[in-house]
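According to our numbering, the sequence shown is numbered sequentially starting from 203. Working notes, beginning with the structure itself.
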Amino acid sequence: MQAQDAAEAYYDPDAMREARHHMQQEMGGQIFYFLQADRFEAQSNEGSGLALFEAQGWVGGDYQRFWFKTEGEYAEGGKLEEAEVQGLYSRAVSPFFDFQAGVRQDVAPGARRTFGVVGVQGLAPYWFEIDTALFVSHEGDVSARIETEYDLRFTQRLKLQPRAELNFAVQDVEELAIGSGLSTAELGARLRYEVKREFAPYIGVSWTRATGRTAALWRREGENPNSLSLIAGLRLWF
Numbered sequence: 203m204q205a206q207d208a209a210e211a212y213y214d215p216d217a218m219r220e221a222r223h224h225m226q227q228e229m230g231g232q233i234f235y236f237l238q239a240d241r242f243e244a245q246s247n248e249g250s251g252l253a254l255f256e257a258q259g260w261v262g263g264d265y266q267r268f269w270f271k272t273e274g275e276y277a278e279g280g281k282l283e284e285a286e287v288q289g290l291y292s293r294a295v296s297p298f299f300d301f302q303a304g305v306r307q308d309v310a311p312g313a314r315r316t317f318g319v320v321g322v323q324g325l326a327p328y329w330f331e332i333d334t335a336l337f338v339s340h341e342g343d344v345s346a347r348i349e350t351e352y353d354l355r356f357t358q359r360l361k362l363q364p365r366a367e368l369n370f371a372v373q374d375v376e377e378l379a380i381g382s383g384l385s386t387a388e389l390g391a392r393l394r395y396e397v398k399r400e401f402a403p404y405i406g407v408s409w410t411r412a413t414g415r416t417a418a419l420w421r422r423e424g425e426n427p428n429s430l431s432l433i434a435g436l437r438l439w440f
């Protein structure tokens, strides 16, 4: 006879089921959620400006979650330049890393594309946050993205966050001004002050460079392939 069957011989079965449910909730199996606007900022570059947003969140348990990610840019005057939304199934494959798979939709005017996504996100040794993804569009274009950031603490509230992002493409996509190989690299640093952990204004600097074929396509469209921007923004989470 199993232990739970033996207990039900002495206690009400309904009461035992309720007790097991409460124990499972305390020991695991709960549903949690998290939402963070990691970057909500204005950038100024050579007299021109843009607004940038990046947010992500999840809902689920300890091992399986649904992730939501979005990012985009607005030019001066409020015109949407580019934006994307991702919906991902995520499963823990180690104490520090999750495997993710799902769909990405680009929603910017003139650049509407759908992608399949596979990637890995987590915390690398020495507390580097890593987010990698491979994208395959509905037209067969293949690209990849690697993002990493690190929090350097000066005090409990004042922190410097270096950040790097690399974008790669397997083939040219001229209508989107993307060339094969390493297409763009972005390096930045943001100094934030956590008024509360959930609310942190920041200032910083960001350097972006298009390389190779991508740089040539940007020049053809009148864009500077090498830019340095000053930043001011907010970091929020719930």
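Every residue, glycine too, gets a C-beta built ideally from N, C-alpha and C.
Own chain partners of Ser246 with C-beta closer than 7 angstroms, once the 5 adjacent residues on each side are dropped: Ser431, Leu432
Cβ contact (3+ pairs, closer than 8 angstroms) linking the region 402-421 and the region 372-388: yes
8 angstroms contact criterion, which Glu376 and Leu419 should meet: CB distance rounded: 6 angstroms
DSSP three-state assignment for Gly259, whether helix, strand or coil: strand
Span separating the alpha-carbon of Ser429 from that of Glu423: 15 angstroms
For Asp353, three-class secondary structure by DSSP: coil
Burial state of Ala371, where buried means 16 or more other Cβ atoms lie within 10 Å: buried
Test item: CB-CB of Phe299 and Gly262 under 9 angstroms: no
With 16 other Cβ atoms within 10 Å as the buried cut-off, status of Trp329: exposed
Check whether Glu278 and Ser250 have beta carbons under 9 angstroms apart: yes
Sub-9 angstroms separation of Phe242 and Arg421 beta-carbons: no
Glu286 and Thr272 closer than 9 angstroms at C-beta: yes
CA-to-CA distance, Phe317 to Ser345, given in whole angstroms: 10 angstroms
C-beta contact flag for Phe337 and Arg306 at 9 angstroms: yes
Local conformation of Tyr276 per DSSP, three classes: strand
Beta-carbon spacing of Glu367, Arg347 below 9 angstroms: yes
Same chain, Cβ closer than 6 angstroms to Met203, neighbours up to 5 away in sequence not counted: Residue placement at Met203 is poorly supported in this model, since its pLDDT is 41, which falls under 50; the coordinates are not used for a value here.
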